[in-house]
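Going by full-length UniProt numbering, the first residue of the sequence shown is number 1, and it counts up by one from there. Just so you know, even glycine gets a beta-carbon here, dropped at the ideal spot from N, CA and C. Keep in mind the model is a prediction, meaning the values are calculated, not measured.
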Amino acid sequence: MKVKVKFIYKTSPEIAIPMESAWFDQKLIKPLLMDLQKTGRAHNIIIMDEMEREWNQKQFTKLQKKQEEEPTDPVVYFDGGYNRELKKAGIGIVIYYKKGNTSYRDRINILLEELVSNNEAEYAALFNSLLILEEIGFKNIPVLFKGDAQGVIKQIEGEWPCYEEILNRWLDRIEEKIKKLGLKAKFEVIPRKENKEADMLATQALAHKNIRSHTEIDSGKLKD
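Now the structure itself:
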């Protein structure tokens, strides 16, 4: 989670200058606030997060303690594949996140029937990733979704039109779920080689190799 700090900088009783920082990683907030307090010139300090929620220092300290018990910083990789001959789809989902100082990776694949195209498989993968996020306990938080299906992501972002009724139904379901969970969704198109984990999971699903794993990982290996 990224935050920014807003405060009034007083150089004298007559001079009070409103100031606002750029966005920065939440883990840097404590030393920054300590430095501001040492100056004796920073007043009315407010911390804002990416969801545009605001707290004073006391409220934010309580929030940080609560966050140590909750999942944060999710990055979702998703991919879908479709076998035209079998008329079956495989989807792969990988979610990286943190809980306190510990990093985790959740991996899942699913074999789906009654889908009609690779694009629909991509939409199904994205929707199912939202179900996994809900299962883990993510609510009211920014989430970054990464996939290699440019058309699907551009349609979700509203940059490209979607004319297929079946895909529009998936769009509606995805938007409804994002709204229900209170997520601030961001999307990023990535090269296929950067999406190899989710791609492999989707391929394994089509080969009837079911995978679901939840593991603790070295924080140094957590993907950006």
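Quiz item: Relative to the C-alpha of isoleucine 153, which residue among Leu126, Ile166 and Ile15 is closest?
Solution: The sequence position of residue 153 within the sequence shown is 153, counting from 1. For isoleucine 153, the nearest C-alpha among the options comes from Leu126.
Self-check item: Closest by C-alpha distance to isoleucine 217, when choosing among Ile178, Lys99, Asp172 and Ile211
Solution: Sequence index remark: in the sequence shown, residue 217 carries index 217 (1-based). Nearest option by C-alpha distance: Lys99.
Quiz item: Taking just the CA atoms, how far does isoleucine 45 sit from lysine 65?
Solution: For the purposes of this step, residue 65 is identified with residue 65 of the sequence shown, where counting begins at 1. For the purposes of this step, residue 45 is identified with residue 45 of the sequence shown, where counting begins at 1. Each residue's Cα considered, the two are about 19 Å apart.
Practice problem: Could you work out which residue in Arg53, Leu201 and Ser12 is closest to lysine 6 when comparing CA atoms only? | Solution: For this step, residue 6 is matched to residue 6 along the sequence shown. For lysine 6, the nearest C-alpha among the options comes from Arg53.
Quiz item: Nearest-angstrom Cα distance between leucine 131 and histidine 208?
Solution: As a position in the sequence shown, residue 131 is number 131, starting the count at 1. As a position in the sequence shown, residue 208 is number 208, starting the count at 1. If you take the alpha carbons of leucine 131 and histidine 208, they lie about 21 Å apart.
Quiz item: Going by Cα to Cα distance, which pick from Glu50, Ile136, Ser12 and Lys146 is closest to glutamate 192?
Solution: Your numbering for residue 192 matches position 192 in the sequence shown. As written in the sequence, residue 192 is arginine, which differs from the glutamate given in the question. Measuring from the Cα of arginine 192, the nearest candidate turns out to be Lys146.
Exercise. Give every residue of the same chain whose Cβ lies closer than 8 Å to the Cβ of glutamine 150, excluding the five residues on either side of it in the sequence, and list them in chain order.
Key: The count along the sequence shown starts at 1 and reaches residue 150 at position 150. So the qualifying residues of the chain are Val189.
Exercise. Compare the Cα-Cα distances from residue 245 to each of Ala22, Tyr82, Ile211 and Pro142 and report the closest residue.
Key: Since the first residue shown for the chain is 1 and the last is 224, residue 245 is missing from the structure and cannot be characterised.
Quiz item: Residues in its own chain within less than 6 Å of asparagine 195 by CB, not counting five upstream and five downstream?
Solution: Taking the sequence shown and counting its residues from 1, one reaches residue 195 at position 195. So the qualifying residues of the chain are Tyr77, Asp79 and Asp148.
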